[in-house]
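Trainee: Structure provided below as structure tokens; questions to follow.
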Amino acid sequence: MNATTPPDILRAAYAELIVTDLAAARWFYVDVLGLVITAEEPGALYLRAFEEYLHHSLVLRQGERPALARLGYRVRGQDQVDAAERYFTARGLDTRRVPEGTTRGIGEAVRVRDPLGLPVEFFYDATHTERFTQHYHRQPANAISMLDHFNVMVPDVRAGYDYYTSLGFGVSETIEDSESLYATWLFRKPTVHDIAITGGDGPRLHHIAFSAHERHQILHTCDVLGSLRAEHHIERGPGRHGVSNAFYLYLRDPDGHRIEIYTSDYYTGDPDNPTIRWDVTDNRRRSFWGHEVVPSWYNEASEVLDLDGAPVPISSPSRREAAAAIGADGFGVTGTGESQRGFKLGHQV
Numbered sequence: 002m003n004a005t006t007p008p009d010i011l012r013a014a015y016a017e018l019i020v021t022d023l024a025a026a027r028w029f030y031v032d033v034l035g036l037v038i039t040a041e042e043p044g045a046l047y048l049r050a051f052e053e054y055l056h057h058s059l060v061l062r063q064g065e066r067p068a069l070a071r072l073g074y075r076v077r078g079q080d081q082v083d084a085a086e087r088y089f090t091a092r093g094l095d096t097r098r099v100p101e102g103t104t105r106g107i108g109e110a111v112r113v114r115d116p117l118g119l120p121v122e123f124f125y126d127a128t129h130t131e132r133f134t135q136h137y138h139r140q141p142a143n144a145i146s147m148l149d150h151f152n153v154m155v156p157d158v159r160a161g162y163d164y165y166t167s168l169g170f171g172v173s174e175t176i177e178d179s180e181s182l183y184a185t186w187l188f189r190k191p192t193v194h195d196i197a198i199t200g201g202d203g204p205r206l207h208h209i210a211f212s213a214h215e216r217h218q219i220l221h222t223c224d225v226l227g228s229l230r231a232e233h234h235i236e237r238g239p240g241r242h243g244v245s246n247a248f249y250l251y252l253r254d255p256d257g258h259r260i261e262i263y264t265s266d267y268y269t270g271d272p273d274n275p276t277i278r279w280d281v282t283d284n285r286r287r288s289f290w291g292h293e294v295v296p297s298w299y300n301e302a303s304e305v306l307d308l309d310g311a312p313v314p315i316s317s318p319s320r321r322e323a324a325a326a327i328g329a330d331g332f333g334v335t336g337t338g339e340s341q342r343g344f345k346l347g348h349q350v
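Mapped onto our numbering, the consecutive letters of the sequence shown carry residue numbers 2 to 350.
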């Protein structure tokens, strides 16, 4: 194997978020969402969902300002950690080998500031923990099963598309027009995505997503937040995406980090899986039911840190999906031919 061969990536595996109030974050992620605490130490919580057996899928670390510290991908074996080091070093990227235990529960790994400006870790070895798949007596009514994907905002979606496809990711869906690629969904595991790349000011983290098995589990989270008079944590949904077909709910944690709870996407594992291409003017792409997307969902995201913990500078795209879909006059278009209709501020005209 040489430096031109990318590492064999299995899936999105964990994220590390910086939070400013660890007690408030614990309330949100453990008491409300029900994630399991694998370990805790001064200034940090290590969490996993009910069907996960690796040490964690989410690290919450106390810091001065909210940010993304790291996205983690699992590779197929420890030899692929070596492959990652060769591959990214050969491309002149900031690439660092980190010893076992640098992140609790994770073996020797490689960290990279990737071509999009994002801090990414590649690892294989990890501490195993108990999987609670059939421990229904321990699962709340809104039980989350596992981490599903990341979504990042970058100013150049085409560059992100080219980078991730060069790593061997498949492409399940896109949003585009004749001039621009506004978003793309890419996968290694056989689902719609392990990462989505959305155009916008960036690099920033748009959200991390956990999957649930059934819609009622997602709806129960809404009821819990309502009963706690904490419904302000619901940013968008529940609803169904056009892209991915998934039933979704978007939440904001106490620091503003966006979390999606997600179910009912589809299989993508065959080698000839077709790419679904959505026109940017089709209003069903983001909400299959036609609901208006709140402006914060397009505009707000979490700051990203480099490998030394410094904020990564942000740049802006030349074209934006929301502007291309709606237009300066406030109108958008959905459907084609006789089914085309104009909309203004979410109402038929």
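Here a beta-carbon is modelled for each residue, glycine too, at the ideal position from N, C-alpha and C.
In this text, all values refer to a predicted model and were calculated from it rather than measured experimentally.
1. When you compare only the Cα positions, how much space is there between M154 and N3?
2. Cutting at 8 Å between CB atoms, please list the residues of its own chain near R276, excluding the five before and the five after it.
3. Check each candidate in A50, T6, D202, H150 and name the one with the smallest Cα separation from T90.
4. Where does D273 land, buried or exposed, given buried means 16+ other C-beta within 10 angstroms?
5. For L61, tell me which candidate among H136, D9, V20 has the shortest Cα-Cα distance.
6. Under 6 Å Cβ to Cβ from F151, same chain only, skipping five residues before and after it: list those, please.
7. Is there contact here, the segment 288–300 with the segment 182–198, by at least three beta-carbon pairs under 8 Å?
8. Can you check which of these residues, R189, G203, T96, H57, is closest to I315 by C-alpha distance?
9. Evaluate contact between the segment 74–84 and the segment 19–37, counting only Cβ atoms and requiring at least three cross-stretch pairs below 8 Å.
10. From the DSSP output, read off the bridge partner residues of S352.
11. Counting pairs of beta carbons, one from the segment 256–272 and one from the segment 173–193, are three or more of them closer than 8 Å?
12. Could you say which of Y15, Y263, P43, A311 lies nearest to F211 if we only look at CA atoms?
13. R227: which of H242, L252, V244 sits nearest, CA to CA?
14. Quick one: any contact between the segment 230–244 and the segment 277–292, if contact means 3 or more CB pairs under 8 Å?
15. What did DSSP end up calling Y125 once you bin it into helix, strand or coil?
16. Which stretch, first to last residue, makes up the alpha helix (DSSP H) that contains S228?
17. For the segment 159–169 against the segment 109–125, do three or more pairs of beta-carbon atoms, one drawn from each stretch, fall closer than 8 Å, so that the two count as touching?
18. Excluding the 5 residues preceding and the 5 following L250 in the sequence, name in chain order all residues of the same chain whose CB lies nearer than 6 Å to its CB.
19. Among the candidates L48, E177, I145, whose CA atom is the shortest distance from the CA of A16?
Mentor: From the atom records:
1. Here residue 154 refers to the residue found at position 153 of the sequence shown. Here residue 3 refers to the residue found at position 2 of the sequence shown. In a straight line, the C-alpha of M154 is about 31 Å away from that of N3.
2. Taking the first residue of the sequence shown as 1, we reach residue 276 at position 275. Reading the sequence as shown, one finds Thr at residue 276 and not Arg. Cβ within range, chain order: V172, S173, E174, T175.
3. Taking the sequence shown and counting its residues from 1, one reaches residue 90 at position 89. Out of A50, T6, D202, H150, T6 has the C-alpha closest to the C-alpha of T90.
4. Within the sequence shown, residue 273 is the residue found at index 272, counting from 1. Of the other Cβ atoms in all chains shown, fewer than 16 fall within 10 Å of the Cβ of D273; this residue is therefore exposed.
5. Taking the sequence shown and counting its residues from 1, the one referred to as residue 61 is at position 60. The shortest C-alpha separation from L61 is found at V20.
6. For the purposes of this step, residue 151 is identified with residue 150 of the sequence shown, where counting begins at 1. Counting only Cβ-Cβ distances below 6 Å, and skipping sequence neighbours, we find A13, L72, I196, I209.
7. In short, these stretches do not touch, since the Cβ pair count stays below three.
8. The count along the sequence shown starts at 1 and reaches residue 315 at position 314. Selected option, being the one with the closest Cα: G203.
9. Three or more Cβ pairs closer than 8 Å define a contact, and the segment 74–84 falls short of that threshold against the segment 19–37.
10. Since the first residue of the chain shown is 2 and the last is 350, residue 352 is not available in this structure.
11. Enough Cβ pairs lie closer than 8 Å, so yes.
12. Within the sequence shown, the letter at position 210 stands for residue 211. Among Y15, Y263, P43, A311, the Cα nearest to that of F211 is on Y263.
13. The count along the sequence shown starts at 1 and reaches residue 227 at position 226. Sequence inspection shows Gly at residue 227; the Arg mentioned does not correspond to that position. Taking only the C-alpha atoms, the option nearest G227 is L252.
14. With a cut-off of 8 Å, the segment 277–292 and the segment 230–244 count as touching, because enough Cβ pairs lie within range.
15. For the purposes of this step, residue 125 is identified with residue 124 of the sequence shown, where counting begins at 1. Judged by DSSP in its simplified three-state form, Y125 adopts coil rather than helix or strand.
16. In the sequence shown, residue 228 corresponds to position 227, counting from 1. Segment 216–228, the alpha helix (DSSP H) holding S228.
17. Enough Cβ pairs lie closer than 8 Å, so yes.
18. Taking the first residue of the sequence shown as position 1, residue 250 is located at position 249. Once the five neighbours on either side are set aside, the close Cβ partners of L250 are I219, G238, P239, I262.
19. As a working note, residue 16 is residue 15 in the sequence shown. Here the closest residue by C-alpha is L48.
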